[in-house]
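To start, the structure itself, in structure tokens.
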Amino acid sequence: MKLSEIYGILNLEFSGEDIEIQALNSLGRANENELSYCDSPKNAKFIEDSKAGAVLVTEQMANLVKSKAIVVENPHLAFAILSKPFSKPLFYEVAESMIDESATIMPNVHIGSNVKIGKNTVVMAGAYVGDNVVIGDECIIHPNVVIYNDCKIGNECHINANAVIGSDGFGYAHTKMGEHIKIYHNGWVELEDNVEIGACTTIDRGVFEPTIVKTHSKIDNLVQIGHNCELGFGCIIVAQVGLAGSSKLGRNVVMGGQSATVGHLSIGDFAKVAGRGGVTKDIEGKEDYAGYPVMKLKEWFKLQAKMLKVFGIKR
Amino acid sequence: MKLSEIYGILNLEFSGEDIEIQALNSLGRANENELSYCDSPKNAKFIEDSKAGAVLVTEQMANLVKSKAIVVENPHLAFAILSKPFSKPLFYEVAESMIDESATIMPNVHIGSNVKIGKNTVVMAGAYVGDNVVIGDECIIHPNVVIYNDCKIGNECHINANAVIGSDGFGYAHTKMGEHIKIYHNGWVELEDNVEIGACTTIDRGVFEPTIVKTHSKIDNLVQIGHNCELGFGCIIVAQVGLAGSSKLGRNVVMGGQSATVGHLSIGDFAKVAGRGGVTKDIEGKEDYAGYPVMKLKEWFKLQAKMLKVFGIKR
Amino acid sequence: MKLSEIYGILNLEFSGEDIEIQALNSLGRANENELSYCDSPKNAKFIEDSKAGAVLVTEQMANLVKSKAIVVENPHLAFAILSKPFSKPLFYEVAESMIDESATIMPNVHIGSNVKIGKNTVVMAGAYVGDNVVIGDECIIHPNVVIYNDCKIGNECHINANAVIGSDGFGYAHTKMGEHIKIYHNGWVELEDNVEIGACTTIDRGVFEPTIVKTHSKIDNLVQIGHNCELGFGCIIVAQVGLAGSSKLGRNVVMGGQSATVGHLSIGDFAKVAGRGGVTKDIEGKEDYAGYPVMKLKEWFKLQAKMLKVFGIKR
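Residue numbers (the working numbering), protein chains in the order written: chain A, 1 to 315; chain B, 1 to 315; chain C, 1 to 315.
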């Protein structure tokens, strides 16, 4: 799309040299034919080094942009509005899929365009495998699982019934009228090898990048993994956990049942969060945590004991 | 069904004028050919103005009924027993559906009887669209979504994979023996325009009335919306929230991840409930809340700080 | 499989009399042609009375085994490794199913091998009924429900849309390298009569035994029931509850919304756990509970009141 057309969509007057904008991207990843945005002073530091061909900014940040600054009142909203015309189509161009002859595809399965399915993999009845999906060897995709376009599944992965891999993240920009403008997500989900996903678990795709679940991680039923999360090697995520967007878990992190994160934080290697723990900030590895907001497990035990004692409560 | 037959089902002796009862309904909505019930002194005030042709009541409330009082020990249980013979059939009479020629219906989709589907709407593989369902223009019904009979979906709605719209609410009456008698739900779910529903989210239908999600409301993954809830314009419901039956949310209410309500309460316009907040009573709008039971957010911060300080806990 | 082959899989040197091992089983249930394991001193007392033909043990416990002791460093891990070759196949031998002629099977349904479906039962579109499944009379299996192999559904059960019955439990043994070795589950799920299961609810099968939901129990939407749980007559499990593995609930237990158990515990008859309650140990029946960890409801109310008062918090 021409930059001038983008100005048109945003009801702005265009002047200067017109360039081709091929995609939206983050400040760090955008190239000269991509458009990015900066909506918060916190991220202003990334503008300077960005290679983006144009950047949506507020007036105060306009002078930081070395390429084309598109000045708008609300850059996040402008970005959301543009995410629709730049979203990938629901269905891609038809292209033949490559399904290994040792794979089993049950009836009533949807296999999209340009899909690759590896050796001995079984796709069970009612599953939906979107366009451009890659599934490795020795996987079991259980009944009624949905894998959206562009997702990548490694070898020896089990995805249990009715799980959903690659749905759009829950991201919106907000108008002054209280409407919420959907941010279309062009990322994907990547499960490495030996990953197991529980029944009715949902994993959202990233905005531009993948949501990643690394090798040997195991995720129980009814878990929510938000957009742009990253789970390290060998994580254990127990039932009904909710990881908000951009939670970065190191290796062998354990999240107990119904625990959660508020997103945009990191959890160190080998950390264990007890059931119902609520992680609200970065926490270090090799430590046990509990409570909401989380504290170290032994502090939580102390808190429980003192509370009961001081208030004269029987358990 | 004749009133005398209803007496038969309840093992009561019938006398007096026999009338035709066409449906069950609430005291406020029932007409003279409908039967209602009152099981609690709290609702006795609604008996007087009810136009119901007959009312199931306990002996103490019998004299309040102007039409026919059906005296039973447990009116709620009698109502539950009658909800089965008065339930709508699982499948309606066959009638042609009206699917706009610009709509896309993928294979393996079930389209029921008398369905209407609007312009450019896409119904993806494995979706179930029940009888009498109306879906507007520009919607995407993602793979394996289930929309039960009678539900109404507005324009530009996205319902993500494996979500369930219009399942029966979780309502039972209880016998002295500890059995639970199912209340069949004859209501429906109504999503207005520009509503997005997350993957594996469930929205139950109302008993008599619709469960309503108003325009521009956005609901994340794995959320439970109970029967007879009402969400105002532009609500944001984050993942794994649980709204119990008859929760009424005003406009632009935000419910953080894993927060919940106990049902039969209202939340004012622009209220924000933090993640894990538990709403147990009516709360006013334009205010931030947290904790379980919820308090104002700033009181919750104070509580956390004092608790740690007084008990000497490190976070 | 010959015992000598099992030694081979575990990279152990075999000597002595070779026997046929037909299955893995728990110490209490194993017979002389089955192999069991004991990984904790806590369970050493069960070794003595076990009829297992061979037992995986650590060196310290080897002398307790009357039959063949297979000494390994990590018996739980050895057991997990063996659970794969001893797992049941994904698809059984083809055998005719017996579907009562009064039953309704909608299109796009998968009916496995050797399935029995009773009178007037309806299996709705997109449902998956695995091999060896038995479904009684007057049931409704709603759209896109998945019932895995070997599960048993009684009479008059309703399983709502997109629920999953009989997925593998979340059980793994751990290597020193931080890998998690899946324990394949050979048990099943058994729903007795008049059970209702909510939309997107997941019930895992037991390791060797069934996960059981007894007559008249009602389970709401988005509930997780772990492997080897047992729910007594007439339990009420409200939305988003999580019961961890081997939770044993007596009759007419009520679990409020989003409440949970940590597993391997029992809850007495007629106990009620309030919403968000977290059960961490055995609790007695005929009592109301709340909080996490749970205490008696009236103690919880006292705790809330004192906390607010002492800290000067307004609610």
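For every residue, glycine included, the Cβ atom is placed at its ideal position computed from N, Cα and C.
Inter-residue CB distance, residue i and residue j (contact presumed, cutoff 8 Å)
{"i": "residue 46 of chain B", "j": "residue 28 of chain B", "result": "6 Å"}
{"i": "residue 376 of chain C", "j": "residue 112 of chain C", "result": "In the structure displayed, chain C extends from 1 to 315; residue 376 of chain C sits before or after that span and is not available."}
{"i": "residue 301 of chain C", "j": "residue 303 of chain B", "result": "Their Cβ separation, rounded to whole angstroms, is 16 Å, which puts residue 301 of chain C and residue 303 of chain B out of contact at 8 Å."}
{"i": "residue 118 of chain A", "j": "residue 155 of chain A", "result": "7 Å"}
{"i": "residue 140 of chain B", "j": "residue 231 of chain A", "result": "Contact flag wrong, Cβ pair sits at about 28 Å."}
{"i": "residue 198 of chain C", "j": "residue 221 of chain C", "result": "4 Å"}
{"i": "residue 248 of chain B", "j": "residue 271 of chain B", "result": "Not quite, the Cβ-Cβ distance comes to about 12 Å (not below 8 Å), so this is no contact."}
{"i": "residue 295 of chain B", "j": "residue 212 of chain C", "result": "Going by Cβ atoms, the distance from residue 295 of chain B to residue 212 of chain C rounds to 41 Å, so no, they are not a contact pair."}
{"i": "residue 106 of chain C", "j": "residue 78 of chain C", "result": "Going by Cβ atoms, the distance from residue 106 of chain C to residue 78 of chain C rounds to 45 Å, so no, they are not a contact pair."}
{"i": "residue 104 of chain C", "j": "residue 122 of chain C", "result": "4 Å"}
{"i": "residue 97 of chain B", "j": "residue 120 of chain B", "result": "Actually they do not touch by this definition, with Cβ atoms about 17 Å apart."}
Coil, strand or helix - residue i by DSSP
{"i": "residue 224 of chain A", "result": "strand"}
{"i": "residue 294 of chain C", "result": "coil"}
{"i": "residue 80 of chain C", "result": "helix"}
{"i": "residue 128 of chain B", "result": "strand"}
{"i": "residue 4 of chain C", "result": "helix"}
{"i": "residue 249 of chain A", "result": "strand"}
{"i": "residue 302 of chain A", "result": "helix"}
{"i": "residue 307 of chain A", "result": "helix"}
{"i": "residue 181 of chain B", "result": "strand"}
{"i": "residue 9 of chain C", "result": "helix"}
{"i": "residue 106 of chain A", "result": "coil"}
{"i": "residue 34 of chain C", "result": "strand"}
{"i": "residue 214 of chain C", "result": "coil"}
{"i": "residue 16 of chain B", "result": "coil"}
{"i": "residue 281 of chain A", "result": "coil"}
{"i": "residue 241 of chain A", "result": "coil"}
{"i": "residue 192 of chain B", "result": "coil"}
{"i": "residue 260 of chain A", "result": "strand"}
{"i": "residue 173 of chain C", "result": "strand"}
{"i": "residue 152 of chain A", "result": "strand"}
{"i": "residue 115 of chain C", "result": "coil"}
Residue i to residue j span [Cα, whole Å]
{"i": "residue 309 of chain B", "j": "residue 167 of chain B", "result": "47 Å"}
{"i": "residue 83 of chain A", "j": "residue 2 of chain A", "result": "15 Å"}
{"i": "residue 65 of chain C", "j": "residue 6 of chain C", "result": "18 Å"}
{"i": "residue 219 of chain C", "j": "residue 225 of chain C", "result": "10 Å"}
{"i": "residue 157 of chain A", "j": "residue 169 of chain A", "result": "22 Å"}
{"i": "residue 315 of chain A", "j": "residue 217 of chain A", "result": "36 Å"}
{"i": "residue 179 of chain B", "j": "residue 234 of chain C", "result": "6 Å"}
{"i": "residue 189 of chain A", "j": "residue 306 of chain B", "result": "42 Å"}
{"i": "residue 260 of chain B", "j": "residue 244 of chain B", "result": "7 Å"}
{"i": "residue 282 of chain B", "j": "residue 92 of chain B", "result": "39 Å"}
{"i": "residue 173 of chain B", "j": "residue 81 of chain B", "result": "8 Å"}
{"i": "residue 280 of chain B", "j": "residue 62 of chain A", "result": "47 Å"}
{"i": "residue 17 of chain C", "j": "residue 71 of chain C", "result": "16 Å"}
{"i": "residue 202 of chain B", "j": "residue 255 of chain B", "result": "16 Å"}
{"i": "residue 228 of chain B", "j": "residue 24 of chain B", "result": "16 Å"}
{"i": "residue 11 of chain A", "j": "residue 252 of chain B", "result": "26 Å"}
{"i": "residue 9 of chain B", "j": "residue 73 of chain B", "result": "15 Å"}
{"i": "residue 26 of chain A", "j": "residue 19 of chain A", "result": "18 Å"}
{"i": "residue 209 of chain B", "j": "residue 264 of chain B", "result": "15 Å"}
{"i": "residue 151 of chain B", "j": "residue 182 of chain B", "result": "21 Å"}
Check: residue i C-beta below 6 Å from any heavy atom of the ligand COA
{"i": "residue 96 of chain B", "result": "Among the components of this structure there are no ligands whatsoever, and the ligand COA is therefore not found."}
Sufficient close CB pairs (3 or more, under 8 Å) joining the region 54 to 63 of chain A to the region 233 to 246 of chain A
Not touching, per the Cβ criterion.
Is the region 146 to 165 of chain C close to the region 139 to 153 of chain A, with three or more CB pairs under 8 Å?
Touching, per the Cβ criterion.
Given 8 Å as the limit, is there contact between the region 34 to 50 of chain C and the region 75 to 90 of chain C, that is, 3 or more CB pairs closer than that?
These segments touch.
Quick one: which unbroken beta strand (DSSP E) runs of 3-plus residues sit fully inside the region 37 to 86 of chain B? Chain order, please.
Whole beta strand (DSSP E) segments, 3+ residues: 54 to 57, 68 to 71.
Contact between the region 288 to 297 of chain B and the region 272 to 280 of chain B: three or more CB pairs below 8 Å?
With a cut-off of 8 Å, the region 272 to 280 of chain B and the region 288 to 297 of chain B count as touching, because enough Cβ pairs lie within range.
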